[in-house]
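Here's the structure we're looking at; comments come further down.
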Amino acid sequence: MIFYACVKYDDKKPDTYKGIEVTMLGSDEVVASFESYDPLQDYHNFVSWSESVGDDNVGFCDSLKHFAKDYQQISMDAAEEMLNIVYGEHQECEEIG
Numbered sequence: 367m368i369f370y371a372c373v374k375y376d377d378k379k380p381d382t383y384k385g386i387e388v389t390m391l392g393s394d395e396v397v398a399s400f401e402s403y404d405p406l407q408d409y410h411n412f413v414s415w416s417e418s419v420g421d422d423n424v425g426f427c428d429s430l431k432h433f434a435k436d437y438q439q440i441s442m443d444a445a446e447e448m449l450n451i452v453y454g455e456h457q458e459c460e461e462i463g
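In my numbering, each residue carries its 1-based index in the sequence shown increased by 366.
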């Protein structure tokens with residue numbers, strides 16, 4: 367099974383955050399969701415979950431990256447940590463191109 371994770375929020379407005387939802391590829395059925403008062407904690411919980419099902423089985427929507435970048439308006443440190451969680455320490459490579 368392949369899972370697909372997306373952040374739910376209104377584009378460019380991180381204060382409208384509604385959590386991370388994981389669906390099966392090709393389906394709208396939500397198999398896991400992470401929504402707490404703290405998006406950074408949700409990223410941590412999501413990554414723990416994805417490790418338990420196997421990282422190779424989980425794909426990311428661009429919204430995980432976009433939300434983390436938009437979250438810089440609220441907390442630069444938390445946003446940087448979110449990007450590191452999703453992309454590892456080499457997120458700057460994503461900026462090229």
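Note that the Cβ used here is the ideal one computed from N, Cα and C, for glycine as well.
Nearest neighbour of residue i, chosen from the options [CA to CA]
i, options, result
"Lys-378", "Ala-444, Gly-392, Tyr-453 and Ser-429", "Ser-429"
"Ser-393", "Leu-406, Asp-436, Met-367 and Met-448", "Met-367"
"Thr-389", "Ser-414, Cys-427, Val-452 and Asp-408", "Cys-427"
"Asp-381", "Ser-418, Glu-395, Tyr-437 and Val-397", "Tyr-437"
"Tyr-464", "Val-397, Val-396 and Asn-411", "Lying before the first or after the last residue shown, residue 464 is absent from the chain, which here runs from 367 to 463."
Cβ neighbours of residue i in the same chain (closer than 7 Å, five flanking residues each side left out)
i, result
"Lys-374", "Lys-384, Gly-385 and Glu-387"
"Val-424", "Phe-369, Ala-371 and Ser-416"
Assumed close pair residue i, residue j - CB separation to whole angstroms, cut-off 8 Å
i, j, result
"Ile-451", "Tyr-409", "5 Å"
6 Å CB neighbourhood of residue i in its chain, flanking five on each side removed
i, result
"Ala-434", "Ala-445, Met-448 and Leu-449"
Endpoints, the beta strand (DSSP E) within which residue i is located
i, result
"Glu-387", "386-390"
"Tyr-375", "Here Tyr-375 belongs to no beta strand (DSSP E), and DSSP marks it neither H nor E."
Inset, instruction - Only counting runs of 3 or more residues, tell me where the beta strand (DSSP E) segments fall wholly within the segment 404-441, in order along the chain. - result: Listed in chain order, they are 424-426.
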